[in-house]
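The next block holds one structure in the form of structure tokens; read it before the comments.
Residue numbers (my numbering): -5 to 95.
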């Protein structure tokens, strides 16, 4: 579901939200992905959203238009179908390539 239906929902709203790249990294069925001291919960994967600018990110967070508010609500409501948002780490970061890209 996350890789199909939810991905399609992100794709649908990407331009409005200023998203220029969306990656999903799905966890492999590997014993090293089992819960441990660092990650006491098993995660199914990680999503990365890349925005066209810091301003676009702020607009998305502030939901400063009715259209952005509706898109944000649709995405949050959909995430409730498959994600435990209270136990999902979240981070805003600045990418600093070291090798490649």
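Glycine included, every Cβ here is placed at the ideal spot set by N, Cα and C.
Because the structure is a prediction, the values reported are computed rather than measured.
Burial state of residue i, where buried means 16 or more other Cβ atoms lie within 10 Å
i          : result
residue 65 : buried
residue 54 : buried
residue 11 : buried
For residue i, the nearest candidate out of the options (CA to CA)
i          : options        : result
residue 7  : -5, 36, 45     : 45
residue 21 : 89, 29, 95, 38 : 38
residue 18 : 30, -2, 34     : -2
Cut-off 7 Å between Cβ atoms - residues of its own chain near residue i, not counting five sequence neighbours on either side
i          : result
residue 43 : 13, 16
DSSP three-state assignment for residue i, whether helix, strand or coil
i          : result
residue 55 : helix
residue 42 : strand
Own chain partners of residue i with C-beta closer than 8 Å, once the 5 adjacent residues on each side are dropped
i         : result
residue 4 : 13, 16, 43, 69
Beta-carbon separation (whole angstroms), residue i vs residue j, contact threshold 8 Å
i          : j          : result
residue 57 : residue 48 : Not a contact, Cβ separation roughly 16 Å.
residue -5 : residue 75 : 7 Å
residue 78 : residue 0  : Not quite, the Cβ-Cβ distance comes to about 14 Å (not below 8 Å), so this is no contact.
Other residues of its chain near residue i: CB distance less than 6 Å, five sequence neighbours each side excluded
i          : result
residue 50 : 12
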